Amino acid sequence: MPQTLDLTAGPIEYEDTGGSGPVVLFVHGLLVDGSLWRKVVPGLDGFRCVVPTLPLGSHREPMRDRRALTPVGVADLIAEFMERLELTDVTIVANDTGGAITRATRSRTSCRRRSSRCSGWRRRACSEPRCRACASSRCGPRRSRTGC
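All residue numbers for the sequence shown refer to the numbering used here, where the first residue is 12 and numbers rise by one.
Here it is in structure tokens:
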């Protein structure tokens, strides 16, 4: 059952499996919502899975602040979301555009984030030692000087 968290820019619907296991935050891309992960989450017993529906085109509640509708604005929302739910040591799993947003979230959540994994988003491999998202994706393990 979706819950709603009222953030500075507007409400965010999310699902949280609860529990005391390691936290996994799922970030979807454009024009989809948190239901993108509906077949993934049930297979992750032992993890606390948090799945927000971000304002990327399929959200049901309007944002009060239009700046939240930009990639940087969504990155700020994710950072506030993690802070308000007191999520720490988080692994972020992202798909498509969610990967780019996760990258923008990096500087805002470095003390809360454990690692990031991106799928369906072609980019060069990270230079961050903890993040090898592209090693298993189609683009291959190429090095990038720009980092994660």
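Glycine included, C-beta positions come from ideal geometry on N, C-alpha and C.
All values derive from a computational prediction rather than experimental measurement.
Output the boundary residues of the beta strand (DSSP E) element that contains residue i.
i    : result
I90  : According to the sequence displayed, residue 90 carries Ala and not Ile. From DSSP, A90 is part of no beta strand (DSSP E) but of the alpha helix (DSSP H) over 82-95.
V101 : 101-106
Who does residue i pair with in a DSSP beta bridge?
i   : result
R59 : V34
L16 : I23
T64 : E24
Taking residue i as the reference, which of the options has the closest Cα?
i    : options                : result
T19  : S118, I89, G40         : I89
P13  : F58, K50, G45          : G45
L47  : F58, H39, L98          : H39
R75  : D17, G21, L16          : G21
G30  : L36, G57, P53          : G57
T6   : R49, R71, V85, E72     : Shown here, the chain extends from 12 to 159; a query on residue 6 therefore has no answer.
F37  : A111, S118, R114, N106 : N106
L41  : H70, T99, V101         : H70
G110 : T99, E94, V83, F92     : V83
C60  : M93, S118, V43         : M93
G32  : T81, T102, R77, T108   : T102
V43  : L55, E72, G68, D17     : G68
S160 : T99, D87, L98          : It is not possible to answer for residue 160, since the shown part of the chain is limited to 12 through 159.
Checklist line | Sufficient close CB pairs (3 or more, under 8 Å) joining the segment 61-70 to the segment 19-31 | finding: yes
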